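Asks:
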Ligand code: OGA
Ligand code: MN
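Numbering (this note's numbering), first residue to last: 1250 to 1487.
#1: Compute the minimum distance between the beta carbon of residue 1294 and the heavy atoms of ligand 2, and state whether it is under 7 Å.
#2: Determine the DSSP secondary structure at residue 1322, reduced to helix, strand or coil.
#3: Check the C-beta distance from residue 1331 over to residue 1351 and give it rounded, since I have them as a contact under 8 Å.
#4: Do residue 1406 and residue 1305 have their C-beta atoms within less than 8 Å of each other?
#5: Quick check on the DSSP output: what are the complete beta strand (DSSP E) runs of length 3 or more inside the stretch 1418-1469, in order along the chain?
#6: Taking only three categories from DSSP, how would you classify residue 1373?
#7: Given a cut-off of 8 Å, decide if residue 1370 and residue 1473 are closer than it, judged by their beta-carbon atoms.
#8: So, are the CB atoms of residue 1294 and residue 1445 less than 8 Å apart?
#9: Just how far apart, CA to CA, sit residue 1451 and residue 1355?
#10: Is it buried or exposed for residue 1375, if we count other Cβ within 10 angstroms and need 16 for buried?
#11: At which residues does the alpha helix (DSSP H) containing residue 1303 begin and terminate?
#12: In this structure, does DSSP put residue 1480 in helix, strand or coil?
#13: When burial is assigned at 16 or more other CB atoms within 10 Å of the CB, is residue 1470 buried or exposed?
#14: Return helix, strand or coil for residue 1315, following the three-state DSSP convention.
What follows is the structure, encoded as structure tokens:
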């Protein structure tokens, strides 16, 4: 049974801060790329300086995290199952349109290695991870409406791999809709959102008609995301 991560739920309580995930090296790699290339490769677009700072601390996107072979390997393992499901259009909470999804606990050896690599980057070793990995298959016309993953089902960190297609994720502050950013999720990239970005901002994946980043059209196609989460904070499960 899918828990669907209670996308409808809003953040209603204070959360114990988790140990910081050390992303410093990955961030400084980008910074060292130099101003010109950096401006071309920056994965976020926002006018809000405080949000920019928040993103640089709590939302990482690593381009080309997966090689083409790795993308294919993950796809080959999940696709035969996904193909048997039907795309859904009116989910009970209406957060996602044109999707099918499942959860998977066991993976072939090659894919397990890839997922371990995600875990190493996204979560400190002592942090308990959800045993089930979430697989979300969005059709070309599919999209995800703004939501915050329920604190009841998921801890401070969400890590996602994008297969088959690039897309644009929008973050909007839960209490101040003028505070927003677009995040470019390229095909084969890894994103990690945590802490303030995970709890205080809704996230959404834009539909085809709005799929633009810095004014440039980002063509959408079928997209499969493979999402790892950590266990919820104990006080949020009560
Ligand atoms: C979700 C979600 C994002 C993605 O399933 O809750 O926000 O990258 N997915 O598919
Ligand atoms: Mn979500």
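Using N, Cα and C, we set each Cβ at its ideal position, and we do this for glycine too. This one's a predicted model, so the numbers in the text were calculated from it and none came from an experiment.
Replies: By the coordinates alone:
#1: By 1-based counting over the chain shown, the position of residue 1294 is 45. No, since every heavy atom of ligand 2 falls outside the 7 Å radius drawn around the Cβ of residue 1294.
#2: Within the chain shown, numbered from 1, the residue matching residue 1322 stands at position 73. DSSP places residue 1322 in helix when its eight states are reduced to three.
#3: Locating residue 1331 in the chain shown gives position 82, where the first residue counts as 1. Locating residue 1351 in the chain shown gives position 102, where the first residue counts as 1. At roughly 7 Å, the Cβ-Cβ gap stays under 8 Å, so residue 1331 and residue 1351 are in contact.
#4: Indexing the chain shown from 1 puts residue 1406 at position 157. Indexing the chain shown from 1 puts residue 1305 at position 56. Cβ distance not < 8 Å, so residue 1406 and residue 1305 don't count as in contact.
#5: 1429-1434, 1439-1443 and 1450-1454
#6: Residue mapping note: residue 1373 aligns to position 124 of the chain shown, counting from 1. The answer is coil: DSSP assigns residue 1373 none of H, G, I, E or B.
#7: Here residue 1473 is taken as the residue at index 224 of the chain shown, counted from 1. Here residue 1370 is taken as the residue at index 121 of the chain shown, counted from 1. Cβ distance not < 8 Å, so residue 1473 and residue 1370 don't count as in contact.
#8: In the chain shown, the residue the question calls residue 1294 occupies position 45. In the chain shown, the residue the question calls residue 1445 occupies position 196. In this structure, residue 1445 does not lie closer than 8 Å to residue 1294 by Cβ.
#9: By 1-based counting over the chain shown, the position of residue 1451 is 202. By 1-based counting over the chain shown, the position of residue 1355 is 106. Those two C-alpha atoms are separated by around 30 Å.
#10: For the purposes of this step, residue 1375 is taken as the residue at position 126 of the chain shown. Classification of residue 1375: exposed, given that the 10 Å Cβ count is below 16.
#11: Within the chain shown, numbered from 1, the residue matching residue 1303 stands at position 54. Looking at the DSSP string, the run of the alpha helix (DSSP H) that includes residue 1303 is 1298-1307.
#12: For the purposes of this step, residue 1480 is taken as residue 231 along the chain shown, with counting starting at 1. When DSSP states are grouped into helix, strand and coil, residue 1480 belongs to the coil group.
#13: On the chain shown, residue 1470 is found 221 positions in, with the first residue counted as 1. Residue 1470 comes out exposed.
#14: Within the chain shown, numbered from 1, the residue matching residue 1315 stands at position 66. Coil.
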